[in-house]
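Asks: In the numbering used here, the protein residues as written are 674 to 793.
Have a look at this one before I ask anything.
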Amino acid sequence: MRSYLEFTVDLKPFDAVSKILSHPDYKEELAFQDYKVANGKDEDPNAIAILVFEKYFFRNNSTATLTVTVSDFEGDTTVKCISTGNGDGVFDIGWWAGKSFIKPLRKILNPYILEMKQEP
Numbered sequence: 674m675r676s677y678l679e680f681t682v683d684l685k686p687f688d689a690v691s692k693i694l695s696h697p698d699y700k701e702e703l704a705f706q707d708y709k710v711a712n713g714k715d716e717d718p719n720a721i722a723i724l725v726f727e728k729y730f731f732r733n734n735s736t737a738t739l740t741v742t743v744s745d746f747e748g749d750t751t752v753k754c755i756s757t758g759n760g761d762g763v764f765d766i767g768w769w770a771g772k773s774f775i776k777p778l779r780k781i782l783n784p785y786i787l788e789m790k791q792e793p
């Protein structure tokens, strides 16, 4: 079962990442992080951050991952979140584990959201 969320925020990529990682649950569940800066148009560098979180859900006895990319290559800072691996069994039943993994992240960045591009 996959859950996907995409939106733009009124923050620079590293500021958005700082806000995400300030949440105690996300800081604890962080499995991987990477940051890159590239020369952009004019003199403003572009940045991308990749965060991978891992969490065990008792309700469906599975471990889910949440991959988050935060980049400003298209102008505004875009946040893309995809939660995977949270389903169980032949029918991949996730009991909303993926959505509940993404929900706090959206709450953290909600004051800065400019546009929702795709919601679960």
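Idealized CB from N, CA, C, for every residue including glycine.
Would you call A737 buried or exposed, if buried means 16 or more other Cβ atoms sit within 10 Å of its Cβ?
Replies: As a working note, residue 737 is residue 64 in the sequence shown. So A737 counts as buried.
Asks: Nearest to F774 by CA position, among V743, Y699, E788, V682, is which residue?
Replies: Taking the sequence shown and counting its residues from 1, one reaches residue 774 at position 101. Of the listed residues, the one whose Cα sits closest to F774 is Y699.
Asks: Alpha carbon to alpha carbon, how far is E727 from V763? Give it in angstroms, no decimals.
Replies: As a working note, residue 763 is residue 90 in the sequence shown. As a working note, residue 727 is residue 54 in the sequence shown. Residue confidence is low: V763 scores 42 on pLDDT, short of 50, so the model does not pin down where it sits. No coordinate-derived value is stated.
Asks: When you compare only the Cα positions, how much space is there between N712 and I721?
Replies: Position 39 of the sequence shown, counted from the start, is the residue given in the question as residue 712. Position 48 of the sequence shown, counted from the start, is the residue given in the question as residue 721. Looking at the two C-alpha atoms, the distance is approximately 12 Å.
Asks: Would you report the Cα separation of T681 and S735, rounded to the nearest angstrom?
Replies: The residue labelled residue 681 in the question sits at position 8 within the sequence shown. The residue labelled residue 735 in the question sits at position 62 within the sequence shown. So the alpha carbons of these two residues sit roughly 30 Å apart.
Asks: What number of angstroms, rounded off, separates the C-alpha of Q706 from the C-alpha of S744?
Replies: If you number the sequence shown from 1, residue 706 lands on position 33. If you number the sequence shown from 1, residue 744 lands on position 71. Roughly 14 Å between the two C-alpha positions.
Asks: For S691, count neighbouring C-beta atoms within 10 Å of its own C-beta (all shown protein chains included) and say buried if the count is 16 or more, exposed if not.
Replies: By one-based count along the sequence shown, residue 691 stands at place 18. Answer is exposed; the Cβ neighbour count stays below 16.
Asks: Would you mind reading off the limits of the alpha helix (DSSP H) that contains E688?
Replies: Your numbering for residue 688 matches position 15 in the sequence shown. Here the sequence assigns Asp to residue 688, which means Glu is not the residue at that position. Taken as a continuous stretch (DSSP letters only), the alpha helix (DSSP H) holding D688 covers 686-694.
Asks: Which residues in the same chain as K753 place their Cβ atom closer than 6 Å to its Cβ, once the five residues preceding and following it in sequence are excluded?
Replies: Sequence index remark: in the sequence shown, residue 753 carries index 80 (1-based). Excluding sequence neighbours, K753 sits near E679, T742.
Asks: Tell me the DSSP bridge mates of K753?
Replies: On the sequence shown, residue 753 is found 80 positions in, with the first residue counted as 1. DSSP, once it has assigned bridges, lists E679, T742 as partnering K753.
Asks: Could you name the residues that DSSP lists as bridge partners for F774?
Replies: Counting from 1 along the sequence shown, the entry for residue 774 is found at position 101. Answer is none; F774 lacks a bridge partner.
Asks: Whose C-alpha, out of A704, S676, I723, is nearest the C-alpha of F687?
Replies: As a working note, residue 687 is residue 14 in the sequence shown. Cα-wise, what sits closest to F687 is I723.
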